[in-house]
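> Let me begin by handing over the structure; questions about it come next.
Residue numbers (this note's numbering): -19 to 751.
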């Protein structure tokens, strides 16, 4: 941007300002001289006749809207009215407005005038420590006011969070363009970026820690005069974490030996005015690195500015890499493994082969890199019956994880039905077989009346693939909205909407991932917050040139960490998508078939009617089958253009297995059992959580639960290592469970629908010994 401000252009700007001085009732004979230039150009106006000085800021073109600039000035005026800090007064023009404008080569440019405030930039010496204690107190007052202030109608400022800094449209450019950045350096910064995203995601954006901040309290924006500290330049003010204001204050000071003292002084000053939690303090180093990486992007995208030149270009990049190394090492030493976990790696362990070395070698030779084994000491299974699996060494394990055999392993009704049918007839659906249609009639009876057609597939991945194609055909849109840690399958199309399966790289432009429905992200009103994120996602898709095809969610958000409360929170988001012309795809592959107790399907639990439903896993109690259920008009439109046939999908043996599952759920009253035993299990787990140093939260519904495991000194901080220890400890005690969530620090429980109290107690007794 500074390249725009060559000497000739700056002289022209000064002349333009000269012509506008009268609008602020400033003597038009006053002199106009350049003060600083970076992204904006700032001029000093000196009226010697009246012994007055003023500051006029010319905003960079097409960055802040007029509404955003006006919002900044309204906040400054509010702060001044409450006398909360020393900052220059914005000048009002003759017509009562705060913003002047002129046209420059067809682009409207905005100008703002301020009173002149005396003082000088603080020195980078020991005196700065005292200044930072004052700055800490000033920041606390600023944040208190921001929390209490009712934002004026139309108030608009940018966000400074991970997505705005490093997402698809970074505000300050891409740090990967940093001068001097080689492959090894980029690998380090990619790892840093991953850790920052994970930690900031966990920290959340709730109102107690995220709100309106100055966002640029660096030394260049501080003035010291007779021990009085003044704050200038609110041009970057916006919404971010409150402690981001400290991170911005130490911009370009990250390698200074004074940094630890500056942090202690700032915290001391802050706490003299307002509370700062231990978790807030623990996040300061993360926000400092967040800001440093953001500055690295800024230096790369603003190479002609004096600030970038002072930073040192390549030297600044090298400094960022060294700081990243130290930060990552510190995180590792503290056991903060908060990197994202791919869903395929979540329950994988570096196996200590023990007595299974030969079998493991055979497996690796056959499956190669695709081989994933549970547990540090793998289990060789030989049989299973009901809720129990038996290993080759004779040890029995209670299955609290595998939701495919929902009725229990080798349930006699399924075994007999499959045996009868495969001994009679098994063929594809191009022949009439009454058993297939009998099953489809039974399945449709569990679905909304608007869902009239079902297409059978062999796997949930196939089902979700077809569902996405149906959505695109029905809407004409290409854009999909999913949650940040979702997993929907393994086909090429479905992998694109499964963020948790992608280890590196970004989602394609037509896919937008939003945070899962966690109170840590959305606060108490999850429904409104989640719907607002869906709205933002739709707007982002439009900006990228895509209209929305569908909101696609697993209705219990199992890969995200299992979220069910408050009941019905999905409805607002679904309404938003429908109003935008998209459809709602309910992925019921995991929560479906009575597991939630209060409802047969997850969408029923939320009181919404989907346009497309996908299902699989427990559908055949272990027999490979899945399906897509949808409106007849969607399928008719799709088949008119493409058509669909699946050789094995919906074969008579699959229909027999599926019918046996539906019949058994009804005959054995298993939906009620899921409700009753789920309540018993959750109540006991919540009691354990209240006494445990590790169990942070218990979530879920019916017989699908998530248990967050945290650190002993602060269980709100996820602890993936302890989670693995619990999983392996339970395995040693004879119980099988798994993990979920972004960090792999949520235990995932999916006991069988036939769960008995004695089986639940067996798990609970083993679990309490681990936590």
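Glycine included, C-beta positions come from ideal geometry on N, C-alpha and C.
Is the beta carbon of residue 645 closer than 8 Å to that of residue 574?
A contact, by the Cβ cut-off of 8 Å.
> Can you look up residue 370 in the DSSP assignment and give me helix, strand or coil?
Strand at residue 370.
> Can you list the alpha helix (DSSP H) stretches of 4 or more residues lying completely in the segment 39 to 76, in chain order?
Qualifying alpha helix (DSSP H) stretches, in chain order: 46 to 61.
> Run through the segment 691 to 748 for me and flag every whole beta strand (DSSP E) of 3 or more residues, listed as ranges in chain order.
Complete beta strand (DSSP E) runs here, min 3: 718 to 720, 726 to 729.
> Within the continuous beta strand (DSSP E) that includes residue 363, where are the two ends?
Run containing residue 363: 361 to 365, per the beta strand (DSSP E) assignment.
> Given this structure, state the Cα-to-Cα distance separating residue 294 from residue 218, to the nearest angstrom.
Residue 294 and residue 218: Cα-Cα distance of roughly 29 Å.
> Once DSSP output is grouped into helix, strand and coil, what is the label at residue 625?
Residue state, collapsed to three classes: coil.
> Decide if the segment 201 to 215 is in contact with the segment 304 to 314; the criterion is three or more beta carbon pairs, one per stretch, under 8 Å apart.
Because the criterion of three Cβ pairs below 8 Å is not met, the segment 201 to 215 and the segment 304 to 314 do not touch.
> State yes or no: is the C-beta of residue 142 within less than 8 Å of the C-beta of residue 177?
Yes, they are a contact pair.
> Considering only the beta carbon of each residue, do residue 552 and residue 587 sit closer than 8 Å?
Not closer than 8 Å, so no.
> Taking all protein chains shown into account, decide if residue 522 is buried (16 or more other Cβ within 10 angstroms of its Cβ) or exposed.
So residue 522 counts as exposed.
> Looking at the structure shown, is residue 547 part of a helix, part of a strand, or coil, going by DSSP?
Here residue 547 sits in coil by DSSP.
> From the DSSP output, in three-state form, read off residue 6 for me.
The answer is coil: DSSP assigns residue 6 none of H, G, I, E or B.
> Considering only the beta carbon of each residue, do residue 503 and residue 726 sit closer than 8 Å?
No, the pair does not count as a contact, with Cβ atoms beyond the cut-off.
> Taking buried to mean at least 16 other C-beta atoms within 10 Å of its own C-beta, is residue 331 buried or exposed?
With a pLDDT of only 47 at residue 331, under 50, the local geometry of the prediction cannot be trusted, and no value is derived from it.
> Skipping 5 residues on each side, what residues in its chain have a beta carbon closer than 7 Å to that of residue 151?
Same-chain partners within the cutoff: 138, 144, 145.
> Output the boundary residues of the beta strand (DSSP E) element that contains residue 13.
Per DSSP, residue 13 belongs to the beta strand (DSSP E) from 11 to 17.
> Helix, strand or coil for residue 133, going by three-state DSSP, please let me know.
Here residue 133 sits in coil by DSSP.
> Leaving out five residues on either side along the sequence, give the residues of the same chain with a beta carbon under 8 Å from the beta carbon of residue 484.
A caution first: residue 484 carries a pLDDT of 41, below 50, which makes its placement in the model unreliable, though a value can still be read off. Answer for residue 484: 170, listed in chain order.
> Taking its Cβ as the centre, do 16 or more other Cβ atoms sit within 10 Å of residue 396, making it buried, or is it exposed?
Exposed is the call here.
> Report the partner residues of residue 566 according to the DSSP bridge assignment.
Beta-bridge pairing links residue 566 to 533, 593.
> Could you give the distance in angstroms between the alpha-carbon of residue -14 and the alpha-carbon of residue 228?
Going by the C-alpha atoms only, they are around 28 Å apart.
> Out of 610, 629, 413, 512, point me to the one whose CA is closest to residue 600's CA.
It is 629.
> Taking the runs of the alpha helix (DSSP H) that are 4 residues or longer, which of them lie wholly in the segment 647 to 697?
Qualifying alpha helix (DSSP H) stretches, in chain order: 650 to 671.
> Taking three-plus beta-carbon pairs below 8 Å as touching, is the segment 27 to 41 in contact with the segment 0 to 19?
In short, these stretches touch, since the Cβ pair count reaches three.
> Look at the alpha carbon of residue 183 and the alpha carbon of residue 500, and state the distance between them as a whole number of angstroms.
Cα to Cα, residue 183 sits roughly 7 Å from residue 500.
> Just the C-alpha distance for residue 559 and residue 526, rounded to the nearest angstrom, thanks.
So the alpha carbons of these two residues sit roughly 16 Å apart.
> Using DSSP's beta-bridge definition, name the partner residues of residue 407.
Note: residue 407 sits in no beta bridge, so no partner.
> Does the distance from the C-beta atom of residue -3 to that of residue 121 stay below 8 Å?
The answer is no: Cβ separation not under 8 Å.
> Looking only at its chain, what residues have a beta carbon closer than 8 Å to the beta carbon of residue 101, apart from the 5 residues adjacent to it on each side?
Same-chain partners within the cutoff: 199, 200, 202, 203, 204.
> Establish whether the CB of residue 161 and some CB of chain B are separated by less than 8 Å.
No chain B is present in this structure, which holds just one protein chain.
> Given a cut-off of 8 Å on the beta-carbon distance, is the pair residue 751 and residue 678 in contact?
No, the Cβ-Cβ distance between residue 751 and residue 678 is not below 8 Å.
> Assuming residue 477 and residue 532 form a contact by the criterion Cβ under 8 Å, report the distance between their Cβ atoms to the nearest whole angstrom.
At roughly 6 Å, the Cβ-Cβ gap stays under 8 Å, so residue 477 and residue 532 are in contact.
> Excluding the 5 residues flanking residue 401 on each side, which residues of the same chain have their C-beta closer than 6 Å to its C-beta?
632, 633, 636.
> Going by CA-CA distance only, name the one from 98, 684, 743 that's closest to residue 383.
If we check each option's Cα against that of residue 383, 684 comes out closest.
> Taking 8 Å as the cut-off, decide whether the C-beta atoms of residue 576 and residue 654 are in contact.
A contact, by the Cβ cut-off of 8 Å.
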